[in-house]
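Okay, so the sequence shown: first residue is 15 according to my numbering, each after it adds one. Input: a single structure, listed below in structure tokens.
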Amino acid sequence: MKKYKIALIKGDGIGPEIIDEAVKVLDAVASCSDFSFSYEEALMGGCAYDITGNPLPQETINIALSSDAVLFGAIGGEKWDALPREMRPESGLLRFRKELGVYANLRPAVVYDELINASSLKASVVKGVDLMVVRELIGGIYFGEPKGRTADKGWNTMVYTRDEIVRIAHQAFKIAMQRSKRVCSVDKANVLDVSQLWRDTVIEVAKEYPEVELSHMYVDNAAMQLIRDPRQFDVMLTGNIFGDILSDEASMLSGSIGLLPSASVGAKIGVYEPIHGSAPDIAGQGIANPIATIASASMMLRYGLDEIASANKIDDAIKRALSEGYRTQDLAQFDAKEVCSTSEMGSIIANYIVR
Ligand code: NAD
15 MKKYKIALIK GDGIGPEIID EAVKVLDAVA SCSDFSFSYE EALMGGCAYD ITGNPLPQET
75 INIALSSDAV LFGAIGGEKW DALPREMRPE SGLLRFRKEL GVYANLRPAV VYDELINASS
135 LKASVVKGVD LMVVRELIGG IYFGEPKGRT ADKGWNTMVY TRDEIVRIAH QAFKIAMQRS
195 KRVCSVDKAN VLDVSQLWRD TVIEVAKEYP EVELSHMYVD NAAMQLIRDP RQFDVMLTGN
255 IFGDILSDEA SMLSGSIGLL PSASVGAKIG VYEPIHGSAP DIAGQGIANP IATIASASMM
315 LRYGLDEIAS ANKIDDAIKR ALSEGYRTQD LAQFDAKEVC STSEMGSIIA NYIVR
């Protein structure tokens with residue numbers, strides 16, 4: 015029997031509550047599959063700082079690197095906001111991604127029929143939306159040199175090498191092959207030289223995926239099209255800063271931050287986490303929505319462990335819980351038949367899988 019070792023980083027705020035529910039669901043899936051999980055917990059964020067004086071202890075990196083995947087909750091909170099930048103929980107997370115070499119951020123945006131009214135857009139526009147932003151995560155303008163500032167001037171550099179573009183493009187095309195085989199590459203090739211290289215390189219990589227239909231869109235138009243007609247997109251391939259903005263925009267199509275998962279993958283270990291933060295305002299109350307984290311566990315099975323049938327089981331169970339009218343507090347106003355706690359939602363989803 016296959017055994018997967020999963021590093022659990024619960025983090026701060028609602029992190030521990032939502033990770034516990036994802037583990038419940040993973041155990042349910044394992045109980046009816048030919049694999050099992052072992053878990054090892056590691057500290058990151060404010061809780062790590064409080065115990066070790068470091069938001070990202072070396073031991074956490076070691077545990078992650080010796081695992082098959084990392085399931086991550088959320089970090090941060092007001093308590094640690096006044097610390098020097100390098101000691102803040104968020105710095106720990108950025109360093110962690112860099113250490114693991116996760117260069118691709120996958121952010122799906124799915125609009126569930128049952129929650130169509132949660133979107134701020136008209137139901138007729140968002141019904142059936144199911145897209146994935148594949149964002150380059152460790153290059154581009156956030157990391158490019160030279161960068162700096164003086165009292166009256168500031169500068170950053172958007173730089174991509176051909177190799178960086180090739181590897182993220184392969185990710186996007188591979189994911190498109192598992193979906194509806196369309197990639198829209200987003201750039202600003204009418205203005206930026208770096209975008210011209212981006213576009214030429216993506217066209218070259220596309221030749222290895224003849225079944226995938228490739229289109230290109232300027233980033234300003236993409237921002238507009240996401241609101242005008244989001245169903246036209248399947249996989250959106252972007253650089254770091256464009257993807258940062260577009261993935262947040264896309265996530266709001268679904269209307270609820272508590273539903274959306276993400277994956278950060280690279281050559282080594284992937285990190286799977288909800289897109290929301292540690293929600294200190296509701297921590298410890300048992301009302302957080304665990305679905306984004308449970309859906310992140312599904313992404314871990316799909317993209318990290320290649321257990322696609324099990325990932326489908328989780329996704330189906332989430333849809334079923336929603337279609338039967340179960341809602342956590344954050345979605346109570348959208349056709350709830352029963353409002354349930356964090357832990358009840360986890361159990362409902364886990365039970366659908368086992369049954
Ligand atoms: P947040 O995402 O934590 O919360 C925004 C709002 O959404 C809050 O009202 C919160 O209650 C609600 N919310 C978030 N997740 C929810 C869930 N699962 N169920 C129900 N409601 C949910 O963003 P914020 O308030 O801006 O940040 C709080 C802390 O989280 C900050 O310290 C921030 O730096 C950190 N943060 C961490 C990450 C991460 O760990 N990846 C990401 C974003 C923010």
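Backbone N, C-alpha and C define an ideal beta-carbon position, used for all residues, glycine too.
Kindly give me the distance between the Cβ atoms of residue i and residue j, rounded to whole angstroms, as I take these residues to be in contact under 8 Å.
i: Y232; j: N254; result: With 8 Å as the limit, Y232 and N254 do not qualify as a contact, their Cβ atoms being about 17 Å apart.
i: E222; j: F86; result: At roughly 32 Å, the Cβ-Cβ gap does not stay under 8 Å, so E222 and F86 are not in contact.
i: D95; j: Y18; result: In fact, because the Cβ distance is near 36 Å, the residues do not count as touching under 8 Å.
i: L120; j: I182; result: That pair is no contact at about 11 Å.
i: S133; j: G269; result: 4 Å
i: S310; j: G25; result: Not quite, the Cβ-Cβ distance comes to about 13 Å (not below 8 Å), so this is no contact.
i: S324; j: S45; result: 11 Å between Cβ atoms; not a contact.
i: A190; j: V197; result: 5 Å
Quick check: does the Cβ of residue i come within less than 7 Å of any heavy atom belonging to ligand 1?
i: G90; result: yes
i: A302; result: yes
i: S292; result: yes
i: E35; result: no
i: I28; result: yes
i: E358; result: no
i: D344; result: yes
i: D295; result: yes
i: A306; result: yes
i: I362; result: no
i: E287; result: yes
i: L107; result: yes
i: G284; result: no
i: I271; result: yes
i: G25; result: yes
i: E104; result: yes
i: I32; result: yes
Between the Cα of residue i and the Cα atoms of the options, which residue gives the shortest distance?
i: G339; options: L129, R213 and E35; result: L129
i: E263; options: L336, L211, R242 and F86; result: R242
i: F110; options: V84, E92 and I332; result: V84
i: F49; options: M15, D258 and K221; result: M15
i: N68; options: G87, G106, L40 and D329; result: G106
i: A335; options: S324, M313, G360 and I322; result: G360
i: R176; options: R193, I217 and Q192; result: I217
i: H230; options: I20, R245, Q210 and K161; result: Q210
i: P294; options: R245, D144 and A88; result: A88
i: K188; options: Y317, N76, K112 and L135; result: Y317
i: L40; options: R369, A323, E358 and S312; result: S312
i: A137; options: L267, A190, L345 and S337; result: L267
i: G234; options: P98, F256, I367 and Q246; result: The residue asked about is misnamed: residue 234 is Asp in this sequence, not Gly. The candidate whose alpha carbon is nearest that of D234 is F256.
Are the beta-carbon atoms of residue i and residue j separated by less than 8 Å?
i: E150; j: E178; result: yes
i: V139; j: V279; result: no
i: L228; j: L260; result: no
i: L22; j: A78; result: no
i: K333; j: Y126; result: yes
i: N385; j: I155; result: With the chain running from 15 to 369 in the structure shown, residue 385 is simply not present.
i: K195; j: V147; result: no
i: I363; j: A331; result: yes
i: T356; j: E35; result: yes
i: V208; j: V180; result: no
i: R213; j: V249; result: no
i: S265; j: I289; result: yes
Less than 8 Å between CB atoms is the rule here; does residue i satisfy it with respect to chain D?
i: L319; result: Absent here is chain D; the protein component of the structure consists of one chain.
Validate contact between the stretch 300-314 and the stretch 273-283 using beta carbons, cut 8 Å, 3 pairs = yes
Touch test, the stretch 50-64 against the stretch 24-37, Cβ-Cβ under 8 Å, three pairs minimum | yes
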